[in-house]
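Working notes, structure below.
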Amino acid sequence: MIAGFSHVGVIGAGQMGSGIAQVMATSGLSVTLMDTHGPQLEKARKSIATSAEKLRSKNLLTAEQVQRAANIFFEESIEGLKSCDLVIEAIVENEAVKKDLFSRLDLILPSHSVIASNTSSISITRLGSATKRPDRVIGMHFMNPVPIMKLVEIIPGMATSDTVLQNIKLLAATLGKEVSISHDYPGFIVNRILMPMINEAFFALMEGVASAEDIDRGMKLGTNQPMGPLELADFIGLDTCLYILNVMHKGLGDSKYRPSPLLIQYVDAGWMGKKSGRGVFHYK
Ligand code: CAA
Ligand code: NAD
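Just so we're aligned, residue 14 is where the sequence shown starts under our numbering, counting upward by one.
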């Protein structure tokens, strides 16, 4: 039991959900990972095993923690999350789809359970309003790759209770993460600042300022970032970057957040980045 949570459900077994399930399990919580797309669960099982083993080989996890990661339960229906004290949603960055899920979760979860969203940009207050427990809805925004990145942004909505905020802060600390608290404005802290940089890299590429390789080399070596902005966009997922920019553009009402037409074209072409094998760059 950590901060009153014992059984945690994670919804969406993509790159974020699988990482979140992994760190929750290795910290000693009982975890169920759910995705409507069955093959994604198998993919998640493999990526969790590979990641945990890699961390063990560097003495960052014990053999017992690797075993805990192997004990994660997998489910294709939200009914399998009925006994969870905490559910963390990490599905597609689409408000309508998330709200539909939140309203269905609200009906099946016990009244004490907390629903957290890993959303990159969407209003926690509005997600909470899709439930009858807005005081128990909160943003818990992990960074990619979850097992490596130190930060979790925590975003209370307008109605989130202070007890829930304190419990989620305690949970994040127990997972070994540092916390930044953000008010509930579009894009919160990290994406409010990161996405305009990524978007500007797409504008620079579209306008022929430089090649993709030169843009990334410039920012990587010129500003000491681990990845250039275009490689980072591919790593995050170009669809996710576009969703986030659209939320910020609409929610903040400022044309400086309008997505680059080139980014839109990549997504229209189905080139979502590393996860689809092709984005700005090609992947095996
Ligand atoms: N589990 C375990 N180990 C992992 C891992 C994972 N999920 N991901 C990477 N690693 C390991 C690699 O295997 C590698 O180990 P070895 O050195 O033993 O091979 C090590 O970490 C370093 O990785 P790489 O050598 O492949 O490459 P790297 O040195 O560039 O590190 C990185 C990879 C940690 C991802 C680094 O490139 C990085 O920090 N990139 C920027 C990431 C970032 O900015 N994330 C935030 C994105 S924004 C966000 O998340 C919010 C949002 O809403 C969009
Ligand atoms: P992803 O595309 O890798 O995975 C999303 C998963 O959700 C897929 O496996 C899909 O099958 C599943 N899914 C979709 N609708 C569902 C539903 N109704 N019920 C159950 N499963 C469903 O996406 P991701 O990159 O893991 O991002 C997930 C969330 O995390 C998004 O809100 C995103 O903004 C946020 N996020 C992403 C990053 C990143 O770098 N990619 C970082 C932080 C936060």
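Glycine is no exception: its CB is placed at the ideal position from the N, C-alpha and C atoms. Just so we're clear, the structure is a prediction, and the values are computed from it rather than from any experiment.
Q. Is Leu120 buried or exposed, if buried means 16 or more other CB atoms sit within 10 Å of its CB?
A. Exposed, since its Cβ has fewer than 16 Cβ neighbours within 10 Å.
Contact set for Leu99: own chain, Cβ-Cβ below 6 Å, skip 5 residues either direction: The residues are Phe18, Val21 and Val127.
Could you check if Asn72 belongs to the surroundings of the ligand CAA, using beta carbon to heavy atom distance under 8 Å?
No, Cβ of Asn72 sits at least 8 Å from all heavy atoms of the ligand CAA.
* Asked: Straight-line CA distance for Lys28 to Tyr270?
  -> Here the sequence assigns Gln to residue 28, which means Lys is not the residue at that position. When rounded, the distance between both Cα atoms is 25 Å.
- Query: Hey, out of Arg291, Ala34, Leu251 and Ser273, whose CA is closest to Asn131's CA?
  - Reply: Nearest option by C-alpha distance: Ala34.
Name the one or two DSSP bridge partners that Arg291 has. Answer by DSSP bridge pairing, in chain order: Gly286 and His295.
*Report yes if the C-beta distance between Ser133 and His154 is below 9 Å; otherwise report no.*
In contact: Ser133 and His154 (Cβ atoms closer than 9 Å).
Item to complete: Inspect the beta-carbon positions of Val293 and Leu255 and report whether they are closer than 9 Å.
Response: No.
Where Glu226 falls: helix, strand or coil (DSSP): DSSP places Glu226 in the helix class (H, G or I) of the three-state scheme.
Worksheet entry | Extent of the continuous alpha helix (DSSP H) run through Glu55 | Membership of Glu55 in the alpha helix (DSSP H) is indicated by the continuous run Gly51 to Ser70.
- Met261: CB within 8 Å of a non-hydrogen atom of the ligand NAD: Result no, Cβ not under 8 Å from the ligand NAD.
Check: Can you name, in chain order, every residue of its own chain whose Cβ lies under 6 Å from the Cβ of Glu89, other than the five neighbours on each side?
Finding: Same-chain partners within the cutoff: Gly51.
Which of the three DSSP states, helix, strand or coil, is assigned to Met240? Of the three classes helix, strand and coil, the one that applies to Met240 here is coil, per DSSP.
Check for me: the alpha helix (DSSP H) holding Thr138 runs from which residue to which?
First-last of the alpha helix (DSSP H) with Thr138: Ile137 to Gly141.
*Where the alpha helix (DSSP H) through Glu77 begins and ends*: Taken as a continuous stretch (DSSP letters only), the alpha helix (DSSP H) holding Glu77 covers Ala76 to Ala83.
- Task: Can you grab the Cα-Cα spacing for the pair Met171 / Arg149, in whole Å?
- Result: Rounded to the nearest angstrom, the two C-alpha atoms are 11 Å apart.
query: Whose C-alpha, out of Ile257, Glu55 and Glu92, is nearest the C-alpha of Ile277?
result: Out of Ile257, Glu55 and Glu92, Ile257 has the C-alpha closest to the C-alpha of Ile277.
Notebook entry, point to check: Quick one: what's got a C-beta closer than 8 Å to Ala223's C-beta in the same chain, skipping five residues either side?
Noted result: Cβ neighbours of Ala223 beyond the five flanking positions: Ala217 and Gly231.
Can Pro160 be considered in contact with the ligand CAA, in the sense that its beta carbon sits closer than 8 Å to one or more heavy atoms? Result yes, Cβ under 8 Å from the ligand CAA.
(message) Quick check: does the Cβ of Phe248 come within less than 8 Å of any heavy atom belonging to the ligand CAA?
(response) Yes, the ligand CAA has a heavy atom inside 8 Å of this Cβ.
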